[in-house]
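2 protein chains.
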Amino acid sequence: MSRPKHDVTDAELAVLKELWALGPSTIRELTDRLYPGGATAHYATVQKLLERLEAKRCVKRRGRGRANEYRAVVEVTDLIDHTLRGAAARLCGGSLAPLLTHLVNTTQPDAAQVEELKRLVKRLDRQGGSA
Amino acid sequence: MSRPKHDVTDAELAVLKELWALGPSTIRELTDRLYPGGATAHYATVQKLLERLEAKRCVKRRGRGRANEYRAVVEVTDLIDHTLRGAAARLCGGSLAPLLTHLVNTTQPDAAQVEELKRLVKRLDRQGGSA
DNA sequence: CTCCATTCAGACGAGGTGTCTGAGAATACT
DNA sequence: AGTATTCTCAGACACCTCGTCTGAATGGAG
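As they're listed, the protein sequences go chains A and B. First residue of the first sequence? That's 1 in this note's numbering, and the numbers climb one at a time after it. First residue of the second sequence? That's 132 in this note's numbering, and the numbers climb one at a time after it.
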């Protein structure tokens, strides 16, 4: 449930996604996935991205043998939350409600997601939609 | 209903908000609002921002007397839409639905929004939740 | 000790942002 | 008319971020 301090860039996000898929990994493991047959330069690139992700409080580092093991400390939902709040702050005076309304009007969820929505609405009904 | 081609920066957004508030305006009018007692340098700043907004298809220009009159051709909802779709593309494989469920989960929708949600669910039910 | 992989510090070019300068064209004032 | 004021355009600028990369130091494994 950490909050990313700043926005995550595309290259950084690619590393994060790999971390989500692989679980805690070393730079080498990540590099081999992101740049198959990569040169030593790519290794350093991944390392720099991890360094910046660490500064943004998105990953944490721990020694594993001689190498370092990195693990993600943010989830997709954290990034979604951060993005949504940023958009609300810029465009809606900080309120998330207009975003919700907009999504309700423009979204085409699939069957499973409709089910989830029904459940959520039912729950909201039960607890009596407080402000 | 235009679509902004690229993201709008903070300074550009400030100009846009002034345009939304004032309606079609000249650079002078905008400058006086954004930089009260502003020097001639500020005038050029606003002009550059309008030039970039025009390149991003967010404003249009028309001669008014000797000066130019600028008017916004995007609404807040266009920027919201653009932002939301960008977030969905980056974080949710392009689907907006996860954003919706996230908002429903993390905000306390008021009565009106719960009603909106119910209507959405009903509508989706009727048309048999397509992808 | 030598070799190899990892780590660290820092550079680099490209691109974007916000600001500003200078010169030119059109208008108003006297 | 001639001067001054306003607007416009083109372009520079310093700063920052992003993605990439180089070089040297470190530390085990053979």
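Each residue gets a CB set at the ideal place from its N, CA and C atoms; glycine is no exception.
- By DSSP, does Gly194/B sit in helix, in strand, or in coil? Secondary structure of Gly194/B (DSSP, three-state): strand.
- Selection of the stretch 106–117 of chain A by Cβ proximity to chain B, strictly under 8 Å: Residues of the stretch 106–117 of chain A with a C-beta atom less than 8 Å from some C-beta of chain B are Thr106, Thr107, Gln108, Pro109, Asp110, Ala111, Gln113, Val114, Glu116 and Leu117, listed in chain order.
- Query: For the stretch 33–119 of chain A, which segments carrying the alpha helix (DSSP H) assignment without a break, of at least 4 residues, lie completely within its bounds, in sequence order?
  - Reply: Runs found: 40–55, 76–91 and 97–106.
- Item | Supposed close pair Leu30/A, Pro240/B - CB separation, criterion 8 Å | Not a contact, Cβ separation roughly 39 Å.
- Could you tell me the boundaries of the alpha helix (DSSP H) in which Asp10/A lies? If you look at Asp10/A, you'll find it in the alpha helix (DSSP H) that goes Asp10 to Leu22.
- Any idea what DSSP makes of Thr26/A, helix, strand or coil? Three-state DSSP puts Thr26/A in a strand.
- Query: Would a C-beta distance cut-off of 9 Å place Leu227/B and Leu34/A closer than the cut-off?
  - Reply: Cβ distance not < 9 Å, so Leu227/B and Leu34/A don't count as in contact.
- Item | Spatial neighbours of Glu143/B in its chain, beta-carbon cut-off 7 Å, leaving aside the 5 residues before and after | Listed in chain order, the non-local C-beta contacts of Glu143/B below 7 Å within the same chain comprise Leu180, Arg183 and Leu184, local neighbours out to five positions each way being set aside.
- Query: When the cut-off is 9 Å and only beta carbons count, does Arg197/B lie next to chain A?
  - Reply: Chain A, which has no Cβ nearer than 9 Å to the Cβ of Arg197/B, makes this no.
- What do you get for Pro229/B, buried or exposed, if any count of 16 or more other CB atoms within 10 angstroms of its CB means buried? It is buried - the Cβ of Pro229/B has at least 16 other Cβ atoms within 10 Å.
- Query: From Val76/A to Ala67/A, what distance separates their C-alpha atoms?
  - Reply: Annotation: Val76/A to Ala67/A spans about 26 Å, alpha carbon to alpha carbon.
- Item | Counted within 10 angstroms of its Cβ, other Cβ atoms place Asp10/A as buried (16 or more) or exposed | Exposed, because fewer than 16 other Cβ atoms sit within 10 Å of the Cβ of Asp10/A.
- May I have the straight-line CA-CA distance separating Cys189/B from Asp138/B, to the nearest angstrom? Just so you know, the alpha carbons of Cys189/B and Asp138/B end up roughly 10 Å apart.
- Outcome for Gln258/B when other beta-carbon atoms lying within 10 angstroms are tallied against a minimum of 16: Exposed is the label assigned to Gln258/B, since fewer than 16 other Cβ atoms lie within 10 Å of its Cβ.
- Reducing DSSP to helix, strand and coil, say where Asp138/B ends up. Here Asp138/B carries a coil assignment [DSSP, helix/strand/coil].
- Item | Minimum Cβ-Cβ distance from Ala97/A to chain B less than 9 Å | True, the Cβ-Cβ gap to chain B drops below 9 Å.
- Message: Assuming contact is defined by CB atoms lying nearer than 9 Å, are Tyr174/B and Arg193/B in contact in what I supplied?
- Response: The answer is no: Cβ separation not under 9 Å.
- If you measure from the beta carbon of Cys189/B to each beta carbon in chain A, is any gap under 9 Å? Look at Cys189/B: its C-beta is not under 9 Å from any C-beta on chain A.
- Message: Can you tell me whether Leu255/B is helix, strand or coil according to DSSP?
- Response: The answer is helix: DSSP assigns Leu255/B an H, G or I state.
- Message: Please tell me whether Leu120/A and Thr171/B are closer than 9 Å, where the distance is taken between their beta carbons.
- Response: Inclusion of Leu120/A and Thr171/B in the CB contact set at 9 Å is not warranted, their separation being larger than that value.
- Query: Roughly how many angstroms lie between the CA atoms of Thr237/B and Pro24/A, to the nearest whole one?
  - Reply: Distance between Thr237/B and Pro24/A, taken at the CA atoms: about 28 Å.
- Where Asp138/B meets chain A, residues with beta-carbon distance less than 9 Å: For Asp138/B, no chain A residue has a C-beta closer than 9 Å to its own C-beta; the minimum C-beta separation is roughly 10 Å.
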